[in-house]
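Scroll down for the structure; my scribbles are underneath it.
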Amino acid sequence: MACYRSSSLSFFIVALLTVLISPAISAGDSSYINPPVNVGSRSSIASYCESWRLAVETNNAGTWNVTPSKCVSSINTYYIGGQFDSDYNLVARYALAFAGKVKNRLDGKDAWVFDIDETLLSNSEYYNKAHGSATYVSKKVQAQAFDASLKLYKGLKTLNFTIILLTGRNESRRSTTEKNLWDVGYSGWEHLLMRSPEDKGKTATQYKSEQRSKMVKKGYKLHGNTGDQWSDLLGFAVATRSFKVPNPLYYIA
Ligand SMILES: *[C@@H]1O[C@H](CO)[C@@H](O)[C@H](O)[C@H]1NC(C)=O
Ligand SMILES: *[C@@H]1O[C@H](CO)[C@@H](O)[C@H](O)[C@H]1NC(C)=O
Ligand SMILES: [Mg+2]
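Heads up: the sequence shown runs through residues -27 to -1, 1 to 226, numbered per mature numbering (1 follows the signal peptide of the UniProt record, and there is no 0).
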């Protein structure tokens, strides 16, 4: 990831969980399976944490609240040590390979859906700069793009896909969100769909499915969808192919 330097990842995780996209964070059900009590050696912790990350990405972990404390350090390493970038790059390459095979992209109706937070924009800088404060000071700080997401976004534009941005961010953040996206290199999307007052209280899956459904009714063919949460990808009016970006930091229902 391009711009993540602090090692205060445990704070980052807590802040993300408490603050980021609060209306949709699932309540209550803390369902991750704890590591064995006697995990003594470094390697067995590392092994458990690899398994935990895989379980999260495959959605086998289901609803979860916090990264297991034993895994904070290995998740940190995953994020800043290059493996996350490598994983995201491979997602982008699969997505572009699929996109290149979609026929007749000439009428503007061949569409690709993107989530924003932790998909096009990385919020990690926010939480570095907030220095432990859980208030959303962060909104004033520009979020960075991922190298892989920029490559994917621009590649899809070149392939004539119509881009639909679908975010859990509230409508009141439209102009700051647009500015942030432009500043880090995204442009030329067709729709930026945000939560309006009537979406209050809806789960992300419900809200996002409804929005996709509206796009389908407008005549768009949703070929691809890229998001860091399963709730970006599941539900109804799903895209032909879904591309899951890794996110072992927080979970949104
Ligand atoms: C994109 O669409 C234009 C016409 O609008 C066409 O000339 C061009 O070949 C298309 N590009 C690709 C990569 O399909
Ligand atoms: C969300 O945006 C709407 C429309 O701009 C605004 O009326 C409302 O106060 C906002 N809600 C929050 C929680 O910011
Ligand atoms: Mg997201």
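The beta-carbon is built from N, C-alpha and C at its ideal position, and this holds for glycine as well.
Here the structure is a predicted model, which is why all the values come from computation and not from measurement.
### Query
How big is the Cα-Cα spacing for Ile225 and Thr178?
Approximately 9 Å, taken between the alpha carbons.
#### Entry: Selected residue, minimal CA-CA separation from Lys194, among Phe134, Gly200, Phe119, Asp90
Looking from the CA of Lys194, the closest CA among Phe134, Gly200, Phe119, Asp90 belongs to Phe134.
### Query
If you measure from the CB of Asn62, is any heavy atom of ligand 2 nearer than 6 Å?
Flag unset: Cβ of Asn62 not near ligand 2.
### Query
Should Ser145 be listed as close to ligand 2, given that the test is whether its C-beta is under 6 Å from any heavy atom?
Yes, the beta carbon of Ser145 sits closer than 6 Å to at least one heavy atom of ligand 2.
### Query
Does the region 123 to 132 come close enough to the region 145 to 153 to have 3 or more Cβ pairs within less than 8 Å?
Contact annotation: the region 123 to 132 does not touch the region 145 to 153, with fewer than three C-beta pairs closer than 8 Å.
### Query
Comparing the CB of Thr172 with every heavy atom of ligand 3, is any distance shorter than 6 Å?
The sequence shown places Asp at residue 172, not Thr. Within the chosen limit of 6 Å, ligand 3 does not reach the beta carbon of Asp172 with any heavy atom.
### Residues sharing a beta bridge with residue 239, DSSP
With the chain running from -27 to 226 in the structure shown, residue 239 is simply not present.
### Task
Locate the beta strand (DSSP E) running through Lys76, then write down its first and last residues.
First-last for Lys76: undefined, no H or E at that position.
### Cβ shell of Thr150 (< 8 Å), same chain only, five flanking positions each side left out
Same-chain partners within the cutoff: Ile89, Thr140, Arg142, Leu165, Met167.
### Query
If you measure from the CB of Asp90, is any heavy atom of ligand 3 nearer than 6 Å?
Asp90 Cβ: within cutoff of ligand 3.
### Message
Please report the straight-line C-alpha distance between Lys127 and Glu23, rounded to a whole angstrom.
### Response
One alpha carbon belongs to Lys127, the other to Glu23, and they sit about 31 Å apart.
### Task
Please report how far the alpha carbon of Gln184 lies from the alpha carbon of Asp205, in whole angstroms.
Approximately 11 Å, taken between the alpha carbons.
### Message
For Pro221, which residues in the same chain have their Cβ closer than 6 Å to its Cβ, ignoring the five residues on either side in sequence?
### Response
The residues are Arg26, Val29, Ile48.
### Message
So within the region 118 to 181, which uninterrupted beta strand (DSSP E) runs reach at least 3 residues, ignoring any that extend past its ends?
### Response
Taken in chain order, the complete beta strand (DSSP E) segments of 3 or more residues contained in the region 118 to 181 are 135 to 143, 164 to 168.
### Query
What is the C-beta distance between Gly197 and Arg214, in whole angstroms, given that I count them as a contact (C-beta under 8 Å)?
Yes, Gly197 and Arg214 are in contact; Cβ-Cβ is about 5 Å, under 8 Å.
### Query
With burial defined as no fewer than 16 other Cβ atoms inside 10 Å of the residue's Cβ, what is the status of residue 242: buried or exposed?
Outside the modelled stretch of the chain, which goes from -27 to 226, sits residue 242, for which no answer is possible.
### Query
Under 6 Å from any heavy atom of ligand 3, does the C-beta of residue 227 make it?
Coverage of the chain is limited to positions -27 through 226, which leaves residue 227 absent and any answer about it impossible.
### Nonlocal neighbours in the same chain, by C-beta distance under 8 Å from Val189, ignoring five residues either side
Cβ within range, chain order: Leu195, Ala210.
### Message
Am I right that Lys130 and Gly161 are in contact with their C-beta atoms under 8 Å? What's the rounded C-beta distance?
### Response
About 6 Å separates the two Cβ atoms, so the contact holds.
### Query
To which residues of the same chain is Phe87 closer than 6 Å at the C-beta, ignoring the five residues directly before and after it?
Spatial neighbours of Phe87 in its own chain (CB-CB distance under 6 Å, excluding positions within 5 residues in sequence) are listed in chain order as Leu93, Leu138, Thr199.
### Task
Please check the pair Asn96 and Ala116, which I expect to be a contact at CB under 8 Å, by giving their CB distance rounded to whole angstroms.
Contact check for Asn96 and Ala116: beta-carbon distance about 5 Å, within the 8 Å limit, so the pair qualifies.
#### Entry: Exposure of Gln56, with buried meaning 16 or more beta-carbon neighbours within 10 Å
With fewer than 16 other Cβ atoms within 10 Å, it is exposed.
### Task
Check the C-beta distance from Lys82 over to Gly192 and give it rounded, since I have them as a contact under 8 Å.
Right, the Cβ-Cβ distance comes to about 5 Å (below 8 Å), so this counts as a contact.
### Task
Rounded to whole angstroms, what's the CA-CA distance from Trp85 to Asn38? Just pull it up for me.
If I take the Cα positions, the gap works out to 29 Å.
### Query
How far does the beta strand (DSSP E) with Ser42 in it reach, from first residue to last?
No beta strand (DSSP E) contains Ser42, which DSSP labels as neither H nor E.
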